[in-house]
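Participant: Please find one structure pasted underneath; my questions will follow.
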Amino acid sequence: MSDAFKVALAGLGTVGGGVVKLLLEQKDVLKKRCGWPIELAAVADLNPDRARALGVPETTAFYTDAREMVEKTDADVVIELIGGADGIAYDLCRSALGRGKSFVTANKAMIAHHGNELARLAEERGVFFGYEAAVAGGIPIIKSLREGLVGNRISEIYGILNGTCNYILTVMRETGRPFGDVLADAQKLGYAEADPSFDIDGIDTAHKTCILGALAFGMPVDLAALSVEGIRSVADTDIDFAEELGFRIKLLGVGRRCDGGVSLNVYPCMIPQTAEIAHVDGVFNAVVVEGDFIGHTMFVGRGAGERPTASAVVADIADAAMHRGLPLLNVANKEVRPVAIVPLSERVGEYYVRFEVDDRPGVVADIARVLGVNGVSIASMIQRGRRPDGTVPLIMTFHRSKESAVTAALSEIERLPCVSGKPCMIRIERL
Ligand SMILES: NC(=O)c1ccc[n+]([C@@H]2O[C@H](COP(=O)([O-])OP(=O)(O)OC[C@H]3O[C@@H](n4cnc5c(N)ncnc54)[C@H](OP(=O)(O)O)[C@@H]3O)[C@@H](O)[C@H]2O)c1
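Going by this note's numbering, the sequence shown opens with residue 96, and the numbers climb by one from there.
So, in structure tokens, the structure goes:
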């Protein structure tokens, strides 16, 4: 290695642009902290104007073909900031690892889909593989799990991992406006994509949750193990009733050790207003870790955006420069063990349900009968706000019940003539 640690960076978009700015602005401090100057040896993007606009030095090689950059560069580390589970990002990654180069990415989709294979490749090649920015943006949760919390057995890890969803749920609560209106505004403000499904259907949260599950529980990255629900079905009515019942609605990724294995799921849930994480609002992310020695620990910060994400990427570059080799999945590949996945149908917990029912005598009795037959017991009930068409929202919360019993009861209730539409069920988590 020369007297500089050389970086080759593919993708000069939001995150890549932030990384270039950080490397240039914090050049001196990084040199002191890493022991080497960090040199931007090569960059690649489809558009050469981006490099010029960012003030990339003249001495930095520019490529429009990122594959060519990885093949030709003598850089010590390749940074992939293009995105996508497969295609160019995956090619660059395998090519860089195959050439024995350290690799850094912010690409949660790629790790969620190929993390096990990449962990094996990185280990075989003995190179550093960093993906701090892939989960919760600027929050150093991967580093915390791989380093600061390494002495703990983790029983539970959960978090608000998608700023778009948290922003939408926060604005719905603060303004009383419906989901569709708030989503449209979030799109105008650039907080949600034109096609928002990746965020609002929980897929992005699922990618991050399966990565956290692997790190926390020593298991392979297993996206298919997750049951995933997004926030499309959360109505303004549910947000109002949640407040009245003492809850907040948050989309959480939840990983838990439980009898018989591990459960890993993504769903919107009602959490007590007294829980600290209930107060993490707007585009902020939070991750809570329950470790046997550390106890309850919460990390809060910006989960996305140019500067926070660049901060996380550069932390990985610094680790690579200082040769801090850490196993990609926290434990060496041979120590990664499959664990039994406990399905969501086995969950035992409390539930909130909103039924849309005809406002007439006997309806509550009909619903209560079905619940009783299925062994589900009602904890509280609110009926208010008759609509002009004669329907009314009927809100119930259930005592701790098995999820399979709740879903069986709800599918039977959905077929009752007095009930319109599908009941909206939201899990209650006493965090
Ligand atoms: N944005 C965030 O806040 C954030 C937070 C955490 C993690 N991440 C992750 O970071 C990664 C990058 O996200 P981003 O938001 O920075 O994306 P972005 O703004 O779309 O940037 C991607 C850049 O890569 C360029 N590109 C596309 N195909 C290329 C190719 N074949 N060769 C070279 N360059 C190519 C794009 O050019 P064109 O625009 O011309 O296509 C664009 O400049 C993703 O994996 C994302 O999940 C993002």
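All C-beta atoms in this analysis are idealised placements derived from N, C-alpha and C, irrespective of residue type, glycine included.
1) Specify, as a first and last residue, the run of the beta strand (DSSP E) that D453 falls within.
2) Tell me whether the beta-carbon of P403 lies closer than 8 Å to the beta-carbon of G285.
3) According to the neighbour-count rule (16 or more other Cβ atoms, all chains shown, within 10 Å of its Cβ), is G390 buried or exposed?
4) State buried or exposed for M267, treating a residue as buried only when at least 16 other CB atoms are found within 10 Å of its CB.
5) With a CB to CB cut of under 7 Å and the five nearest residues on each side skipped, what residues in its chain are close to M96?
6) Does the separation of the CB atoms of T492 and V452 fall below 8 Å?
7) Sorted by chain position, which residues of the same chain lie with C-beta nearer than 6 Å to G386's C-beta, five sequence neighbours on each side aside?
8) Helix, strand or coil for L321, going by three-state DSSP, please let me know.
9) Once you ignore the five residues that flank A415 on each side, which residues in its own chain have a CB closer than 6 Å to its CB?
10) For the putative contact between N202 and A184, defined by C-beta atoms under 8 Å, what is the C-beta separation to the nearest angstrom?
11) Quick check: the Cα distance between V378 and D296, rounded to an integer number of angstroms?
12) Considering Q478, what are the terminal residues of the beta strand (DSSP E) in which it resides?
13) Mapping the DSSP letters down to three states, classify K196 as helix, strand or coil.
14) Please list the terminal residues of the continuous alpha helix (DSSP H) segment that includes H374.
15) Using three-state DSSP, classify K251 as helix, strand or coil.
16) Using three-state DSSP, classify F336 as helix, strand or coil.
17) Go ahead and pull the three-state DSSP assignment for P403.
18) What are the start and end residues of the beta strand (DSSP E) that includes H418?
19) With a threshold of 7 Å, establish whether the CB of D140 neighbours any heavy atom of ligand 1.
20) Inspect the beta-carbon positions of A370 and L526 and report whether they are closer than 8 Å.
21) Quick check: the Cα distance between E269 and I477, rounded to an integer number of angstroms?
22) Could you name the residues of the same chain whose beta carbon sits closer than 6 Å to that of I490, not counting the 5 residues immediately before and after it, in chain order?
23) Measure how close the beta-carbons of V426 and G350 come, nearest whole angstrom, since I'm counting them as under 8 Å.
24) Give the DSSP-derived three-state secondary structure of I490 in the structure shown.
25) Would you tell me roughly how many angstroms separate the C-alpha atoms of D160 and G444, rounded to the nearest one?
26) Smallest Cα separation from D67: which of Y253, N469 and R455?
27) In chain order, what residues of the same chain have a beta carbon less than 7 Å from the beta carbon of D461, not counting five sequence neighbours either side?
28) Any idea if I366 is buried or exposed, counting beta-carbon neighbours within 10 angstroms, 16 or more meaning buried?
29) Name the DSSP bridge partner or partners of H391?
30) V459 by DSSP, collapsed to three states: which one?
31) On the CB-based measure, 16 or more other CB atoms within 10 Å of its CB, does R147 come out buried or exposed?
32) Assuming the contact rule is C-beta atoms closer than 8 Å, I174 and V408 should be a hit. Round their C-beta distance to whole Å, please.
33) Tell me which residue opens and which closes the beta strand (DSSP E) that N360 is part of.
34) Taking M205 as part of the alpha helix (DSSP H), name the residues at either end of that continuous run.
35) Taking 7 Å as the cut-off, is the C-beta of V471 nearer than that to any heavy atom in ligand 1?
36) Just confirm the distance between the C-beta atoms of T168 and A137, as a whole number of angstroms; I'd bet it's less than 8 Å.
Facilitator: Put simply:
1) In the DSSP assignment, D453 falls within the beta strand (DSSP E) that extends over V443 to D453.
2) No. Outside cutoff.
3) Answer is exposed; the Cβ neighbour count stays below 16.
4) With at least 16 other beta carbons inside 10 angstroms of its own, M267 counts as buried.
5) Caution is warranted here: a pLDDT of 49 is assigned to M96, below 50, making its placement in the model unreliable, and no coordinate value can be reported.
6) No, Cβ-Cβ distance for T492 and V452 is not below 8 Å.
7) Counting only Cβ-Cβ distances below 6 Å, and skipping sequence neighbours, we find L244, N247 and I249.
8) In the structure shown, L321 sits in coil (DSSP, three-state: anything other than H, G, I, E or B).
9) Excluding residues within five positions, the ones whose Cβ falls inside 6 Å are V172, S197 and F223.
10) The distance from the Cβ of N202 to that of A184 is about 5 Å, consistent with a contact at the 8 Å cut-off.
11) Counting only the Cα atoms, D296 lies some 17 Å from V378.
12) Taken as a continuous stretch (DSSP letters only), the beta strand (DSSP E) holding Q478 covers I473 to Q478.
13) Reduced to three states, the DSSP call for K196 is coil.
14) From DSSP, H374 is part of no alpha helix (DSSP H); its letter is neither H nor E.
15) Correcting the residue identity first, residue 251 is Glu in this sequence and not Lys. Strand at E251.
16) F336: helix per DSSP, three-state reduction.
17) Three-state result, P403: helix.
18) H418: not part of any beta strand (DSSP E); DSSP gives it neither H nor E.
19) At least one heavy atom of ligand 1 is nearer than 7 Å to the Cβ of D140, so yes.
20) Taking C-beta atoms as the reference points, A370 and L526 count as a pair closer than 8 Å.
21) A direct Cα-Cα distance of roughly 22 Å separates E269 from I477.
22) Within its own chain, the residues whose Cβ lies closer than 6 Å to the Cβ of I490, once the five positions on either side in sequence are excluded, are F336, R449 and I477, listed in chain order.
23) In fact, because the Cβ distance is near 16 Å, the residues do not count as touching under 8 Å.
24) In this structure, DSSP gives I490 an extended state, which the three-state scheme calls strand.
25) One C-alpha to the other measures close to 52 Å.
26) One cannot answer for residue 67 here, as it falls past the ends of the chain, which runs 96 to 526.
27) Taken in chain order, the residues that qualify are L511 and C513.
28) So I366 ends up on the buried side.
29) For H391, which the question treats as bridged, DSSP gives the partners E385.
30) Helix, per DSSP.
31) Looking at its Cβ environment, which holds fewer than 16 other Cβ atoms inside 10 Å, R147 is exposed.
32) Contact flag correct, Cβ pair sits at about 7 Å.
33) Run containing N360: G356 to P367, per the beta strand (DSSP E) assignment.
34) It spans K203 to R220 - the alpha helix (DSSP H) in which M205 sits, taken as one unbroken run.
35) No; taking the cut-off as 7 Å, the Cβ of V471 has no heavy atom of ligand 1 nearer than that.
36) About 5 Å; that satisfies the 8 Å criterion.
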